Amino acid sequence: MTTSRLTDRLGGLAYGGDYNPEQWDEEVWKEDEELMRRARVNLATVGVFSWALLEPEEGRYDFAWLDAQLDRLHAAGVAVDLATPTASPPPWFTLAHPDALPVTPEGNRLTHGSRDTYCLAAPAYRRACARIAAALAERYGDHPALALWHVHNEYVTLCWCEHTAAAFRVWLRERHGSLDALNEAWGTTFWSQRYGSWEQIQPPRATQWHHNPGQAVDFRRFWSDETLAAYREQRDAIRAHSDRPVTTNLMLPGYQNLDLWAFGREVDLVSVDHYPAAPGVDAAADTAFGADRARSFGGGVPWLLMEQGTNTVYAGDRILGKEPGEILRHSLGHIARGSEGALFFQWRQSRAGAEQWHSAMVPHAGPDSRIFREVTEVGAGVARLGELAGSTVRAEVAVLHDSDAWWAMDADGLPSAELDYHGTLRRAHRALWDARVTTDFAHPEHELSRYRLVIAPALFLLSDAGAENLRRYVEGGGTLLVQHFSGAVDQRMHSRLGGYPAAPLREALGVRVEEYRPLRRDEQAVLSDGSYGTAWSESLRTEGAEALAAYTDGMLTGSPALTRHRFGAGVGWYLSTRLDDTGYAALVERLLRESGAGPALPGLPPGVEAVTRHAPDGRRWHVLINHRDRAAPLPGPAHDLLTGGPADHLPAGGCAVLRAD
Ligand code: GLA
1 MTTSRLTDRL
11 GGLAYGGDYN
21 PEQWDEEVWK
31 EDEELMRRAR
41 VNLATVGVFS
51 WALLEPEEGR
61 YDFAWLDAQL
71 DRLHAAGVAV
81 DLATPTASPP
91 PWFTLAHPDA
101 LPVTPEGNRL
111 THGSRDTYCL
121 AAPAYRRACA
131 RIAAALAERY
141 GDHPALALWH
151 VHNEYVTLCW
161 CEHTAAAFRV
171 WLRERHGSLD
181 ALNEAWGTTF
191 WSQRYGSWEQ
201 IQPPRATQWH
211 HNPGQAVDFR
221 RFWSDETLAA
231 YREQRDAIRA
241 HSDRPVTTNL
251 MLPGYQNLDL
261 WAFGREVDLV
271 SVDHYPAAPG
281 VDAAADTAFG
291 ADRARSFGGG
301 VPWLLMEQGT
311 NTVYAGDRIL
321 GKEPGEILRH
331 SLGHIARGSE
341 GALFFQWRQS
351 RAGAEQWHSA
361 MVPHAGPDSR
371 IFREVTEVGA
381 GVARLGELAG
391 STVRAEVAVL
401 HDSDAWWAMD
411 ADGLPSAELD
421 YHGTLRRAHR
431 ALWDARVTTD
441 FAHPEHELSR
451 YRLVIAPALF
461 LLSDAGAENL
471 RRYVEGGGTL
481 LVQHFSGAVD
491 QRMHSRLGGY
501 PAAPLREALG
511 VRVEEYRPLR
521 RDEQAVLSDG
531 SYGTAWSESL
541 RTEGAEALAA
551 YTDGMLTGSP
561 ALTRHRFGAG
571 VGWYLSTRLD
581 DTGYAALVER
591 LLRESGAGPA
601 LPGLPPGVEA
611 VTRHAPDGRR
621 WHVLINHRDR
631 AAPLPGPAHD
641 LLTGGPADHL
651 PAGGCAVLRA
661 D
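Counting from 1, one number per residue, gives the positions in the sequence shown under UniProt numbering.
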């Protein structure tokens with residue numbers, strides 16, 4: 001069955017959010033309809049947390065409420081993104097199936113009372129999920145309001161129970177084939193960990209000291225596959241009754257429980273949630289980071305921002321508000337990078353319950369509020385961007401991301417606690433964002449030849465196939481920067497012998513790393529070009545590469561820190577320390593210059609973000625966001641779709657969407 005395209009059904013980009021009307025009465029629903037019209041809402045996510053209402057007791061469904069809501073929304077001109085409610089099992093479920101509650105690594109079984117209290121590997125839970133997904137699909141599969149299916153909500157819970165242990169063993173048999181192969185892969189000869197039967201193997205539960213690294217990484221791989229299987233069961237139950245696209249909203253970039261490349265292949269449309277992790281311009285950079293990831297996981301095709309907050313910026317132990325104008329800037333930040341719209345959590349701020357302080361499109365203060373006024377203005381702007389639907393974004397630069405490498409870096413016993421996979425990737429992306437360059441993420445085994453520049457910031461684990469692919473990429477004419485502690489272990493977490501990084505990559509880089517030398521906290525390694533490194537240094541020698549900067553202190557004095565190697569038709573760079581911000585920005589600028597990559601729209605001042613969306617028929621649009629506190633001139637006068645009028649400059653904090661000639 002071919003699925004219909006979301007934006008075809010909506011007739012433009014999506015605007016709206018999670019809608020939980022079960023919290024309100026008829027009078028409020030009436031007001032919702034009026035306010036949704038004013039805000040130009042055309043898509044509402046319904047049913048995410050409605051399990052207790054839809055199935056009040058095991059096997060007894062009550063759809064009257066949802067029938068009425070869907071018909072009502074349809075009559076109001078709002079399409080529905082219908083969720084399966086499986087992220088929040090009701091109390092009757094957990095009381096009937098206590099074995100389906102999640103267990104922590106310490107062996108504590110959680111109880112209900114929150115949400116996400118389930119073990120994905122528990123057969124009773126999986127059966128209940130498939131059942132309710134099928135029941136919903138059967139009833140609403142061709143409902144005229146239905147535009148999209150939303151399976152579950154943010155697959156995030158891990159579990160270490162006996163069901164998990166059993167499923168883990170099945171997965172391990174499949175992966176390793178034999179116990180001997182598993183013992184070899186995990187290096188169990190050391191510390192007397194050798195397994196004599198499959199039943200002896202456990203998930204990596206709380207233990208005395210270091211976990212076995214192979215076991216730890218395999219467990220994360222297994223959990224991702226288990227989650228994907230759970231998603232597929234629901235998706236397939238839905239597909240049996242419905243031709244509407246199916247998605248699941250993926251967690252924020254800082255969570256890495258899933259192989260998101262694999263999920264990207266299984267959903268009809270990638271959708272993500274995004275709440276910035278810092279205020280101000282950092283929030284804008286974070287938005288770009290999340291959006292570029294989302295686009296990349298789907299292979300570059302359009303995707304959807306499923307959730308953001310109207311007034312939510314997570315900042316450590318508090319939730320900060322957004323500045324005026326940020327709802328538009330963040331929404332456009334996602335749309336610029338390929339999102340087919342901008343949705344929020346949630347439509348109306350809860351008056352009670354667990355998330356009553358989470359921001360919403362209609363705040364506690366009601367429609368007479370700054371937030372609702374901005375929501376309405378943004379809705380009007382998004383409604384004028386319909387022609388962007390289906391267009392995509394092209395990038396000349398890629399940052400390499402591999403969940404295996406992230407999970408590997410979470411292993412116990414690494415040489416430094418300052419090795420931060422996620423932070424290192426964000427830093428590389430941020431340097432490119434500051435240089436106003438549009439960036440894709442790519443997997444080390446992907447075809448990379450379309451990129452002028454590829455940066456591998458943190459490939460601690462690099463498979464044999466990945467190492468060979470990167471070698472070929474450089475040989476074929478690409479420019480590759482590999483950063484410290486990359487290519488150190490293979491896919492089994494076995495160290496690369498004879499010098500790091502992995503042999504085929506060494507050939508492309510023209511270096512051989514002999515020794516890793518973590519720096520003391522607060523220690524700086526001053527380099528010969530005036531820049532300095534922190535956290536990490538390496539003793540390496542060149543094997544064909546030229547040294548561009550060397551260490552200047554201690555036993556590493558004179559040892560190369562930054563190298564460049566012409567190899568085949570391309571250039572392989574290696575950076576063996578964590579460079580200071582200024583030094584790193586200068587290096588990225590140099591790589592862009594030498595590789596011929598640059599901003600989508602050159603000539604704009606720093607602080608003005610510009611991304612181009614391309615339609616298959618050759619039309620193009622530039623989305624511009626001014627992050628400065630002063631106006632910025634445009635390259636020339638142009639028609640701004642957001643206002644429907646001419647524009648020759650961007651006001652401070654302002655945005656524009658320009659048709660390119
Ligand atoms: C996630 C969830 C929502 C809500 C928000 C709060 O994105 O999907 O239900 O809890 O977080 O930020």
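Heads up, the beta-carbon is just placed ideally off N, CA and C, and yes, glycines get one too. Please read all numbers here as calculations on a predicted model, not as lab measurements.
Proximity test, D8 beta-carbon vs the ligand GLA heavy atom, cut-off 6 Å: As a working note, residue 8 is residue 8 in the sequence shown. Every heavy atom of the ligand GLA is 6 Å or more from the Cβ of D8, so no.
Sorted by chain position, which residues of the same chain lie with C-beta nearer than 8 Å to T310's C-beta, five sequence neighbours on each side aside? For this step, residue 310 is matched to residue 310 along the sequence shown. A distance below 8 Å between beta-carbons, with the five flanking residues on each side excluded, links T310 to the following residues of its chain, in chain order: K322, I327, F344, S359, A360, M361, P363, I371, E374 and V375.
V489 and G499 look like a contact to me (Cβ under 8 Å); what is the Cβ gap, rounded to whole Å? Against the sequence shown, residue 489 aligns to sequence position 489. Against the sequence shown, residue 499 aligns to sequence position 499. Rounded, the Cβ-Cβ distance is 14 Å, inconsistent with contact.
Residues near the ligand GLA, CB to any non-hydrogen atom under 7 Å, in chain order? The filter returns D18, V48, N153, E154, N249, D273, Y275, E307, G309, T312, F345, E355 and H358, in chain order.
Scan the region 230–284 and note each continuous beta strand (DSSP E) run of 3 residues or more that stays entirely inside, going in chain order. Segments of the beta strand (DSSP E) lying fully in the region 230–284: 271–273.
With a 10 Å radius around its C-beta and 16 neighbouring C-beta atoms as the bar for buried, classify T557 as buried or exposed. In the sequence shown, the residue the question calls residue 557 occupies position 557. T557 is exposed by the Cβ-count criterion.
Just verifying my parser: in three-state terms, what is the DSSP assignment at E58? On the sequence shown, residue 58 is found 58 positions in, with the first residue counted as 1. Secondary structure at E58: coil, using DSSP grouped into helix, strand and coil.
Grab me the residues of W261's own chain with a C-beta within less than 7 Å of its C-beta, minus the 5 sequence neighbours each way, in chain order. Stepping through the sequence shown from its first residue, residue 261 is reached at position 261. These residues qualify, in order along the chain: F297 and H443.
Near A277, what residues of its chain come up, given a Cβ to Cβ distance below 6 Å and the 5 sequence neighbours on each side ignored? In the sequence shown, residue 277 corresponds to position 277, counting from 1. Counting only residues of its own chain and dropping the five nearest sequence neighbours on each side, A277 has a CB closer than 6 Å to the CB of D286 and Y314.
Measuring alpha carbon to alpha carbon, tell me which of A467, V397, S537 and G386 ends up nearest A600. For the purposes of this step, residue 600 is taken as the residue at position 600 of the sequence shown. Scanning A467, V397, S537 and G386 for the CA closest to the CA of A600 turns up V397.
Extent of the continuous beta strand (DSSP E) run through P637: As a first step, residue 637 is located in the sequence shown; it is residue number 637 there, counting from the start. Element bounds for P637: A632 to D640.
Assign S192 to one of three DSSP states: helix, strand, or coil. The residue given as residue 192 occupies position 192 in the sequence shown. Residue state, collapsed to three classes: helix.
Buried or exposed by the 16-neighbour rule on C-beta atoms within 10 Å, applied to N108: On the sequence shown, residue 108 is found 108 positions in, with the first residue counted as 1. Taking all protein chains in view, the Cβ of N108 is surrounded by fewer than 16 other Cβ atoms within 10 Å, so the residue is classified as exposed.
Pick out whichever of V482, A550 and L519 has its Cα sitting closest to the Cα of W573. Position 573 of the sequence shown, counting from 1, holds the residue named residue 573. It is V482.
Determine the direct distance from the alpha carbon of R521 to that of D580, and round the result to whole angstroms. As a position in the sequence shown, residue 580 is number 580, starting the count at 1. As a position in the sequence shown, residue 521 is number 521, starting the count at 1. Rounded to the nearest whole angstrom, the C-alpha separation of D580 and R521 is 14 Å.
Hey, which unbroken runs of the alpha helix (DSSP H) at 4 residues or more fall wholly within the region 13–86? Runs found: 26–39, 51–54 and 64–75.
Nearest-angstrom Cα separation, counted from S463 out to R472: Taking the first residue of the sequence shown as 1, we reach residue 472 at position 472. Taking the first residue of the sequence shown as 1, we reach residue 463 at position 463. When rounded, the distance between both Cα atoms is 14 Å.
Cut-off 7 Å between Cβ atoms - residues of its own chain near D259, not counting five sequence neighbours on either side: Residue mapping note: residue 259 aligns to position 259 of the sequence shown, counting from 1. The answer, listed in chain order, is S224 and S403.
Just the Cα atoms here: how many angstroms apart are residue 703 and T612? No statement about residue 703 is possible, as the shown extent of the chain runs from 1 to 661 and does not include it.
Where G341 falls: helix, strand or coil (DSSP): Looking up residue 341 in the sequence shown gives position 341. Residue state, collapsed to three classes: strand.
Please report the distance separating the alpha-carbon of N20 from that of W51. Translated into the one-based positions of the sequence shown, residue 20 becomes position 20. Translated into the one-based positions of the sequence shown, residue 51 becomes position 51. N20 and W51: Cα-Cα distance of roughly 12 Å.
Run the CB neighbour count on F190, radius 10 Å, all protein chains shown included, and call it buried at 16 or more, exposed below. Residue 190 sits at position 190 when you count from the first residue of the sequence shown. A residue is called buried once 16 or more other Cβ atoms fall within 10 Å of its Cβ, and F190, having fewer, is exposed.
Between the Cα of A656 and those of F485, D629, P635 and H622, spot the shortest distance and give me the residue it belongs to. One-based indexing of the sequence shown puts residue 656 at position 656. If we check each option's Cα against that of A656, H622 comes out closest.
Anyone know if the C-beta pair for A467 and A502 falls short of 7 Å? Walking along the sequence shown from the start, residue 467 turns up at place 467. Walking along the sequence shown from the start, residue 502 turns up at place 502. Result yes, Cβ atoms of A467 and A502 sit closer than 7 Å.
Have a look at R318 and E515 and give me their C-alpha separation to the nearest angstrom. Here residue 318 is taken as the residue at index 318 of the sequence shown, counted from 1. Here residue 515 is taken as the residue at index 515 of the sequence shown, counted from 1. Distance between the alpha carbons of R318 and E515: 42 Å.
So T534 is in the beta strand (DSSP E); what residue range does that whole segment cover? Stepping through the sequence shown from its first residue, residue 534 is reached at position 534. Taken as a continuous stretch (DSSP letters only), the beta strand (DSSP E) holding T534 covers Y532 to T534.
May I ask you to list the residues that DSSP assigns as paired with F441? Taking the first residue of the sequence shown as 1, we reach residue 441 at position 441. V399, per the DSSP bridge assignment.
How about P213 and M409: do their beta carbons lie closer than 7 Å? Within the sequence shown, residue 213 is the residue found at index 213, counting from 1. Within the sequence shown, residue 409 is the residue found at index 409, counting from 1. By the CB criterion at 7 Å, P213 and M409 fall outside the cutoff.
Check V156 in the structure and name its three-state DSSP category. Translated into the one-based positions of the sequence shown, residue 156 becomes position 156. Three-state DSSP puts V156 in coil, outside helix and strand.
Looking only at its own chain, which residues have a Cβ that is under 8 Å from the Cβ of E543, when we skip the five neighbours before and after it? Working through the sequence shown from its first residue, we reach residue 543 at position 543. Same-chain partners within the cutoff: R506, G510, V511 and R512.
The alpha helix (DSSP H) enclosing F372, as first and last residue numbers: Walking along the sequence shown from the start, residue 372 turns up at place 372. For F372, the enclosing alpha helix (DSSP H) begins and ends at R370 to A383.
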